[in-house]
Structure formats: structure tokens, C-alpha cells
Amino acid sequence: MANNSFLTSGLRSRQVGASRAFVWGWFLCIVPFLISGCHSVADKGREEAFSEDLLIRPLSDGKVLNHFYFKNYLHTLGSAAHNHVFPKAISQLVRKFHISELELSFTQGRWNYERWGALDPVGSSNAKPSGVELWAEFDVPSDQVDPTWRNLTHALSGLFCASINFLESPAVVAAPSLVFGSRINKGASKEGHTANVRKSGVVRYGALPREAVCTENLTPWLKLLPCRDKAGIATLLDRPSVYKGYYHSLRVHVGRSQPGGAVILEQTLTLVLQPAQLRERGSKELPNWSLTSLFARKLEGRCPLAKSSHVLLELERPLVLSVERLAASKSEPAELSDEKSQQGRRNDKGRQVDVADNPAFHMSPYPDRVFVESQGSGDISQASSLMLDYDLQNHSSARPLNLAMLWKERVYWSSLRGPFRVSRFLIGSGNEKGSLAIELKRNFDLPVQDEVVAANDVEVTIFQVVAWYVRLYLHTLTARVDGNQVPLQNIITQMLVTPAEDRLSPAVLEVKLKLPRNVSIMSLTMDFDKGFLHIDEHPPDANRGFDLPSAYLNFPTSQTRRRYVDLPSSLEQEYPLLQKLNEAGSVHVYTDNLLVPLATPDFSMPYNVITFTCTVLALYFGSLLNTLRRRIGEEERLAKRASGGKLKESISRFMEGKSATQKKLIKVSGVILIAGIAVAFNYALEYYQVL
Amino acid sequence: MGKLMVWVGVAVAVTVRFVFAAMGAQERLGRRVEIVTPVTSLKRLAEGQWFKQLGLSPYAGSAYHGSPLLLALLGPMTTVGTGGQTSSRFHSSLIVFVIADLLGALLLLKMGNLVESANVYYLGKLLPDSKKSKPSVKTQVNDIRGHGKLGLGEVAALLYLVNPFTVAVCVGGTTSPVENVLVLLALYGALKGNSPLAAFGWAMSTHLSMYPAVLLIPISILMVAGPDKPQRKLFDHVNKIKTSNPKLKEKKMVGTTSTVQLQWARYRDFLLFSALWWIAILGLSAAALGGYEHLKEMLIETYGFILHVEDLSPNLGLFWYFFTEVFTHFRDFFIMVFHANILFVLVPLTIRLHHRPLFLAYVMVAITTMLKSYPSIGDAAISLGLLGLCTPELADFRFSFFVLNGYLVVAILSPSMYNLWIWRGTGNANFYFAMSLVYACVQSILIVESVGTVIRYDRNLDRLSKLPVQVDSGAQPKED
């Protein structure tokens, strides 16, 4: 016993010695790492950048557009899983699923392209279809794309508390090749009509038009911001104000500066709000607004982690023009030049209008800086849009920013509309068939800078996903230009078709059109038959119908780029939103979702149908067999004499001369034998099933 | 007289077809679910042709489910003009369908003539000479011989040509007329003893619509044993009497060893030619699809589509609503049961009706018409055409009024029920389902009663053939 205890204590002392040595060794080993770690943290601080911006734009119908723009930059996507400001959830997502580009949007409401504009970068890239839209481009071999997409939908579904996992089903996922992603056109540069059978490429697209968007999606989105909604611009996001808006679109865009390069996360929230004064219909009130009236909050400084934090107020070109006209009609130009402040004034061929206080409106407070859009053509007869800048660095809780715009007079102007007004609709009634039409109507009030474009042909790319139960007849695709049917090859330069497979994949139609410059109306129609679904395939509210996701149109010839002359290149880093607006982009338009009602079966009577049908079958089968085997009179007698056959005879011979008990025994043993065979057969079946 | 009637009938039938087509009936009839099924739709064929022109498989897009050979024949006619626009009013494929219908009527005419001469021959052998018989027996014998102004073939051909179902299917733009004429071709070839023709018709129609595969049994019997005739034992009985009476001794009955050998040789030829035609069909299909590796896709998209009932759009059959409603985990079981319903009755029917192969063929066609996964009235058209060939045997049909009215009721009510459900929205799916149940009931009554009538006819023949030539008064056997 004593020996034992001595032995154990000896062991213990040796263990202690070893562990001490281990701790020292570990410490020594870890020091260089710690140092390098500190170093890398310092590096990380430099290579991560976060900025927040808010763009406010008064809209022509009195509403106010608020565009929140949060940009997060991560220089290297290292294996070390620690970031300072960049959200870990996103960096893990990018690393795990090899995402080269991803865009997810949650939208409620409908973007009014006619009144809120389409020919500007904000409207064209943030107007999204109602519901959820997700597309992603992967950096994986093409056979890995579909499994990766499936996993991604589940991950995003958990991250944003939405049913994005429904996009897992291949019956709703498309593989576009003419739109979305960076590798557009690479695989499909061949002109003419081509068609894919299978999903190819590395881009996947899916939309859930019926998804309801609410705070449960906004909260996880805010969680990705370093300051959440506790500081900075995001504090404005008062839930009741956000969800009482006419349109709100929550967007997450993840991109890489180059393949394998820096990860850029852009989070935007686009809100269209109605100033409180205008809410009553028909009121003569001017659309005055302030941050407090829109959001019931004031801006009390910036997010401390943000590199830059700006509130920008955009005055559109037509608005500036109207204000200038108003100012010119109201007073003499000489008086205008006597305005008190020289700062923030734009000088344009002698006409001078104070941006903050003019006959049309009064801005408070005064902007810190004003940017003027540069006109590419150098035409100075046209007004340029203005960007009023408020730097949040100058504001704090003691000096909050409550931006307010007070109109002195109702000014009318029209927003910059896209080259075409796009609508998509169903033709026909009833639940049997119909036609799907996409109509483009020319907007003739094109601004001057597009006159050059208008002189040439207009290019349009249409991307459309149609679920399989709307059975498109693609051979009925008809194009009409100004009411006259034209051959497809005259206007279609490229067409990519992925035909639908029942219950497996949707029909995807990608069409590149080239329209002559004088076209005023162009329409594409195709016939479809409505499919009939199994009762389990109908959604709970089947009679409401099925939503067809929006069609997406791109006008590559209409550029939406905005360049501001007063923006020195040294300041570009300071204004990521202006940088974004300066990026080349074209007009994107989404059509509305379509509701397709399908014929429904009676959901309440599967049992009745089964019994009725089986009764008819039994009736037929039974009466036919009965007719076939019935004999009458003499035939019966003949049959009886002939029947029995050898088996019956041998059995009766076998039974002859046996006693009653023996006969009974034979019968019982026969029954037992049959039961035994049945049981054995059953076991054998189960055994095979287990195998 | 008969000839004039036939020509008038043909003229009327052709005029009606073209007048309807010129009135734009194709647009209206071509979307009626009773006429067009997913398998026979011309619009789906045009879609397949469009994909084919794009260099894709014609089966892409789950649109076309027919044969690539039919697509090669009809496809070019569906794309008139540029941009795949079909001419709206007058389909050039209508000509093909009218020709198919006329050919079908011609085949029925020829078959009817053959069957009629066979009937005359066998009944002459079997029945007592009416001149010597008592008046009561005389009328019975005359009844069974039949005495119409029109020949059997003319009746059958006219029934087929001017049947509204045939007209609707032809004008509506479906591929059923082509399928039907191939079935008739197979039966005609078998009846005539022309092995290559029978083999072609059988292989081709099976390739197009699968169900004519069951016609192998009646075609085989036709090849080996010749056209419909009374049961063999009756001849045995008559022969016994005749051999016992040396005065009545005649030359040998049909079915001597030499003819039997000849017939078996024909049957062997039929099997050989069937194999050849199948090889040719598969080879040509592979060529049309661009490679043998596409044959599997073809089988899945044609036979697989028919067997697996993927399309649940309404039609006059029993399948669509049942498989819309049935629980998913029972689906496979019920699909097997429904298809087995066709196969289960084949053996009993063959055993009982083996001496009447043409009638057997009619019953089988009628059963497939009823139990098809995508039936249309085009199938009813051919089964009614074949029914025309069996009119002498079916003279005693009992529920003809009921069955005729059943067809009328379905023809009138099923479009209205469909309208209520699909277009007005005031009815629901059960309305139309009720119509398909009624149609199934009417057809099953027609099938069961015609089988029963033929069995009764044979029984009657048996009784009459056993009557003594010179009859004592009241020696008539009792009938149960």
C-alpha cells in the first residue's frame, strides 16, 4: 500500500515538473505569435474599413427617398477567423461557399419607375422585385455549383431569418448567363438562337415573390453593422417609420475586388417615405420634411468605427432646373447675386441660385459642402444635379443633425425616367391557357445626355424565369413593333432558352434585343397552358394563385453614371457613396410580379375520388369477367362433366377411404402449411428490405 | 346503291372536314381536352419541332411526348413562315389527317368485305338451308344472316368517316388519325394474310402510342386461324352429320394440314417482319434524334410519360383526377393496378373469344380506350369504327339506346362542365370528374354488353346449327 502511495506521489511530482516545463515552453512558443498577432491586428485595422452614408432625395410626387449605404471592406480573407469590423458571418460565408459575388434583397412594395426614376444609379440598382431575390456567383467547378448553392440558401436562411431555403429546390432556380455576375457573355458570345438543356455556368438566380419582409429580417441585417443601430446613421431606423413606408428594400451585396481579392460588403436600405403633412389625401400642404418627421429621430453623431459618415441630399437635375426657372421668374438675376452667402452657391452662366435658401425651398442646416454633377457633354445650357453634403463628424448628441427641407412653393418636376416603360402582363382569362406579354413603351422625354444614345439602336436584355406549371410554348414567341408583327430575327440578336422540365426546373428565357431608334412600343408575347398540379403541390392558399417572379430588363446603352466635378480625387475615399454613383452602370428594370391562378382540384375529397374511380373499375372488371365465364343450360352440364380435371380427381382419390378425423387433420395441416409459407414469405420480404 | 352511298359519304365527310377547318375550328377544337391529349397535341409537336430546330432534343421542355418519326413527318408542316409562326387558319397537316382518315375508311371497307364473305361462307356451312326449314326457323336463320342494303365494309367505313368524333379529331389537329390508321393497317394486313403489312402496322402503331401492343394477340390469331368464324366444335358437329350422310359429303373443310402450315409460315413471317420493323423504327428514331444514346430518352419521354401519368391535366379518362388526389405514397401501387386492369382481362378474353379475333381486337381497343392514361375521343373513333365490322354479331345488342345517349350526354355535358370549372369558376373539378366517370361507365357497358352479345350470338348459332334439317313440330330446344 505504502509502496503504492510512494509510487503515485513520485509520479505526481514528475507530472508537475513536466507541466511546468510545458507551460514555459508554450509561453516561449506563443510570444512570437503574440507579437506577430498584435502586428496583424494592427494590419487588420488598416485593411478593414467601414463607412456609412445616407442619401436623401425629394421625389417629384412629394415623397422622400432615403438610401442608407453601409460599405464594409475586408482586404484579405485570411484563414484567421478574426475581424474587427467586418462581420464574421459574411466572411465565413464567402470563404466556405467560395462566393465571388452575391446579392440578396428583401423588398416590400413596388418601385414606381415613372415617378421615382430609373435613369439614376440609386433607383436602377436598388429597385428590386417584391419579396426575396438572391443571386450568387461561385468560384467552384461547375459540377459543384448546385450543391454549393443549396448549402448557401440554407446558410442565408438561418442568417436572415427568411425562407430562402425554398430556393434550394431546383424547380425555382435559374442559371442565367446573359445577366448577373461578372462573367456575363463569356460563355454565350455566340449570336443567334441557342438553348441550354441543363443548368450550366457558375451563377444561380432564384426569387421568392411571396416572401413577406419584416423586422425579423431587418434585425439580422443590422447585426452585420459594427455599430448596429446604436450609433451612427443606422440609429434612424426606427421600425414603425421604416415599415410604414411605401417601399423598402433591404439589400446585401458581397463582391470581390478581383477573384480572390478583397471582400466588399455593401448593405443598403432603400426607403420611400411620405412626409407627414402629405399623408392626408388631397391636402394642399407642401411636402415639408425633416429627419424627425420622417424617422422620429435625430442624428446624434457618427458610428465611431466608421471611417466616414455623411448625409447627402440630392437635388435632381429636373428639380434644379425647375428651381432655377422659378427663381428666374420670381426675381431679377441681379437680386439673386446679392444673396448673403457666397458659399454653397452654384455659378452657372450668370444665374445663381442659393441651394439652401431659394424661392422654392429652405434647407436647414446649411450644407457643409455642395457637389455639382459634371455633364459629360459639356453642355452648360442644362442644369446639373446637386449633392448637398452634411458631415456627421460635425454633429454630436449635443449638436444633433435634424436635416429639414421646407418648401416655400410647390415645385413640379419629373424624375429621370428610363428609356422605356416596361410592363408585363397576362392575356386571357380562365384557367386553361393564356399568353404572357412584355411590353416596352418608349419614354420620349429623354434627357439631353441621352440624345446621343437615342440616335442609335437601343439594346435590351430580358431575363425571365417561368415556373414549369406555366407551360410556355416558346415557338409561339411573337414580337410586335409599333403594333406590327416583325420576324424575330430582325430584333433579337441573341436568345438563350432553358426549357422547363416538369417538376424539375423552370423555363428560363434570356433575350437580347436591338430596337430601332424610332420604336415607340415593342411587345413580346408567348402562349402558355396552365398546368394542373397534384393536391400536395398546391400551397395552403391555393385559390390565391401562384406568383411568377419578376422579369428583369437591362438597358446596356443607357448609362446611369454620376460624376461630380467638385470631388477631388483625394476626397474620393471619404465619399464611398459618390464613388459608387460614379461607377459605370446601366439601367435595370424589374417588372411587377404576376399572379397566375391555376385550376384547383377539390381538396376535400381524395377518399371520394379513390372510391368512385375504383368502383367504376371494379364494375367494369367484375361484369366483364362475369359475362366471360357465365354458362347456361346445357353448357353448364357439359362443363360440369368436363370440369374437375385431374387435380380434383386425384384429390378426391386421395381423400377416399380416409376417416373423418383423418380428413380433418389433413385439412388443418394444409391450412397450417399455407400459413407457414405466408409467414416465411413475409420474413423473406422483410429480410430483403433490410438488406 | 351501296357504292353511291359510299361516295356520297366520302364527299360529305371530306367537305365537312374542310368546311370546319376553314371556319377556324382548329383553333376551337384544338384546345378541347376531350380531343387533344398531351401525347397527341399538335401544339406540343410544334414546340418539339422548335427545339429540334434549335439543335436540342425535341423532348426538351416536357412538351412533346410523341415519336421522332411522327415529328419528322408533321414537324415541318407546323412551322410555316419565319420565326416559327404557324398560319392561323388552315393547317397544312390537315391534309395528312384527312388522307389518314380516308385511308382508314378504305381499310375498314376492305376488311368489311373480307369479313362479310367469310361470314357468308361459314354460315352457309353451318346453318340449315332456310328453304327447307320451318317458317319459325327460317326467320331465325335469316335474322342471323342479315340482309342490309349496304355491305358490312360500307357500313363500317361510313360509320368511321362521318362519326363526329373522327371529324373532330381530324379537324382539331391531333396525331390520333395517324395512330388510328396504323392500327387499322395492322388488322387489315393480318386479315389479308399480308405479313409485312401487318407487322408494319403493329410495330408502328405500338411505337406511336404503346397501347396497340396488346393487339399482338388478335393479330396472331388472325394470321394463324383466319377471320372471325363460329366455334370449331360446331363444325365438328356439322361434319359429323355430313359425314354420316354420304349424300351430303362435300369437299374438305378449311383448316386442313396444308393451309394450317401455310398460315403458320405466314405467322413466322409476321414475327420476323415485326422484328425487322422494330429495328428499322428504332434505327430511324435514333437517326432522327441524332444518336443511339437518345433512344433511352425517347422511351422515357414517350412510354414512360404514358405509364407514369406525369401530366395531370383533365381528360375523359379515369387517371388524371385519381392521380391528382391520391396520396403520394400510394401512387406507384395504383399506377400498377390501373395499367394491370388492361392486362388482366387479356387472357380470359382470348380464351373465350379466340375464334373471333377481329371482335377480340375491337374489345381490346375499346378497353384501352377506356383505361388509357391520356384517352381522347380519337380512341373512341377507332373503337367505334371496328365496332362497325362486328354489326352482324351485335345485332342483338341490348343497351344501344342507353349507350348512344350516354355518348351524347358526355359529348354535350363534358364541355359545359369543363367550362363551368375552368372558365367560369362556378363549378369545381368534381363536375368534370363526374363526366369522365359517366364516360367510363358508358364505355364499360358497351364493352361488357358487346362481349355478352357475341357470346349469346355464338350460343344461338350453336342452337341453330344443331337443329335437325327436317324439323318436327315443337322440337325447338328451350332457351334459358
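Top line first, the protein sequences correspond to chains A and B. Going by the working numbering, the letters in the first sequence line up with residues 1 to 691, in that order. Going by the working numbering, the letters in the second sequence line up with residues 692 to 1171, in that order. By construction, the Cβ of each residue, glycine as well, lies at the ideal position given by its N, Cα and C atoms.
Check: Please confirm whether F1104 (chain B) has its beta-carbon closer than 8 angstroms to some beta-carbon of chain A.; Outcome: Note on residue identity: the sequence assigns Leu, not Phe, to residue 1104 (chain B). So no, L1104 (chain B) is outside the interface.
Check: Under DSSP, the beta strand (DSSP E) around Y1065 (chain B) begins and ends at which residues?; Outcome: Neither: Y1065 (chain B) is in no beta strand (DSSP E) and is coded neither H nor E.
Check: I need the DSSP call for T865 (chain B), collapsed to helix, strand or coil.; Outcome: strand
Check: For R1043 (chain B) and chain A, any beta-carbon pair shorter than 8 angstroms?; Outcome: yes
Check: Buried or exposed, going by whether 16 or more other CB atoms sit within 10 Å of the CB of Q1172 (chain B)?; Outcome: Any answer about residue 1172 (chain B) is impossible in this case: the structure gives chain B only from 692 up to 1171.
Check: Report the neighbours of S965 (chain B) on chain A: residues whose CB is nearer than 7 angstroms to its CB, in chain order.; Outcome: Under the 7 angstroms cutoff, chain A gives no residues; its nearest Cβ is about 28 angstroms from S965 (chain B).
Check: So which residues on chain A does W1112 (chain B) lean against when the C-beta distance must stay under 9 angstroms?; Outcome: N431, A599
Check: Measuring CB atoms only, is the segment 1028 to 1042 of chain B touching the segment 961 to 981 of chain B, in the sense that at least three cross pairs come out at less than 8 angstroms?; Outcome: no
Check: Mind checking K987 (chain B): buried by the 16 CB within 10 Å criterion, or exposed?; Outcome: exposed
Check: Rounding to the nearest angstrom, what Cα-Cα distance links S377 (chain A) and T461 (chain A) in this structure?; Outcome: Low confidence applies here, because S377 (chain A) scores a pLDDT of 49, under 50, leaving its location unreliable; read the following figure in that light. Distance between the alpha carbons of S377 (chain A) and T461 (chain A): 26 angstroms.
Check: Between the segment 150 to 162 of chain A and the segment 467 to 484 of chain A, can you find at least three pairs of beta-carbon atoms closer than 8 angstroms?; Outcome: no
Check: For the pair the segment 883 to 903 of chain B and the segment 733 to 744 of chain B, tell me if three or more CB-CB distances fall below 8 angstroms.; Outcome: no
Check: Let me know if R517 (chain A) comes out buried or exposed under the rule of 16 or more other beta-carbons within 10 Å of its beta-carbon.; Outcome: exposed
Check: The segment 514 to 542 of chain A: which residues have C-beta closer than 9 angstroms to a C-beta of chain B, in chain order?; Outcome: D527, D529, K530, G531, F532, L533, H534, I535, D536
Check: Which residues in the same chain have their Cβ closer than 7 angstroms to the Cβ of P129 (chain A), if we skip the five residues on either side of it in sequence?; Outcome: T107, A207, P209, P549, S550, Y590, N593
Check: Could you tell me the boundaries of the alpha helix (DSSP H) in which G795 (chain B) lies?; Outcome: 784 to 817
Check: Taking Cβ to Cβ, would you say T560 (chain A) is nearer than 8 angstroms to S257 (chain A)?; Outcome: no
Check: Grouping DSSP H, G and I as helix and E and B as strand, with all else coil, what is K530 (chain A)?; Outcome: strand
Check: Pull up the DSSP beta-bridge partners for E52 (chain A), would you.; Outcome: A:F70, A:S309
Check: Give the interface partners of K734 (chain B) over in chain A, defined as CB-CB distance under 9 angstroms, in chain order.; Outcome: Y473, H475, T476, D527, D529
Check: Shorter than 8 angstroms from the beta carbon of E510 (chain A) to some beta carbon of chain B?; Outcome: no
Check: Spatial neighbours of A296 (chain A) within its chain, please: CB distance less than 7 angstroms, with the 5 preceding and 5 following residues excluded, ordered by chain position.; Outcome: D238, S241
Check: Using the rule of at least 16 other Cβ atoms within 10 Å of the residue's Cβ for burial, across every protein chain shown, is M1126 (chain B) buried or exposed?; Outcome: buried
Check: Taking the Cβ atom as the reference point for each residue, do G739 (chain B) and A754 (chain B) lie within a distance shorter than 8 angstroms?; Outcome: yes
Check: How far does the alpha helix (DSSP H) with F612 (chain A) in it extend, from its first residue to its last?; Outcome: 606 to 629
Check: Indicate the three-state DSSP secondary structure (helix, strand or coil) for N456 (chain A) in the structure shown.; Outcome: coil
Check: Which residue marks the beginning of the alpha helix (DSSP H) containing Y1101 (chain B), and which one marks its end?; Outcome: Note on residue identity: the sequence assigns Val, not Tyr, to residue 1101 (chain B). Where V1101 (chain B) is concerned, the enclosing alpha helix (DSSP H) stretches over 1091 to 1109.
Check: Could you give the distance in angstroms between the alpha-carbon of A859 (chain B) and the alpha-carbon of L720 (chain B)?; Outcome: 7 angstroms
Check: At the 8 angstroms Cβ level, is T1060 (chain B) part of the contact set with chain A, yes or no?; Outcome: no
Check: What are the residues in the segment 713 to 731 of chain B lying within 9 angstroms of chain A by C-beta distance?; Outcome: R722, V724
Check: Do you know offhand how far W468 (chain A)'s Cα is from F1090 (chain B)'s?; Outcome: 45 angstroms
Check: Taking C-beta pairs closer than 7 angstroms, name the residues in chain B that P612 (chain A) reaches, listed in chain order.; Outcome: Note that residue 612 (chain A) corresponds to Phe in the displayed sequence, not to Pro. Near F612 (chain A) (Cβ distances below 7 angstroms), the residues of chain B are L1128.
Check: Check the Cβ of F463 (chain A) against every Cβ in chain B and list those closer than 7 angstroms, keeping chain order.; Outcome: Correct list: empty, because the minimum Cβ distance to chain B is about 18 angstroms.
Check: For P499 (chain A), which residues in chain B fall below 8 angstroms Cβ to Cβ?; Outcome: F742, L747, A751, G752, S753, A754
Check: Short check: CB of R563 (chain A) to CB of E373 (chain A), under 8 angstroms?; Outcome: yes
Check: Would you mind giving the Cβ-Cβ distance between L315 (chain A) and L386 (chain A), rounded to the nearest angstrom? I have them listed as a contact below 8 angstroms.; Outcome: 4 angstroms
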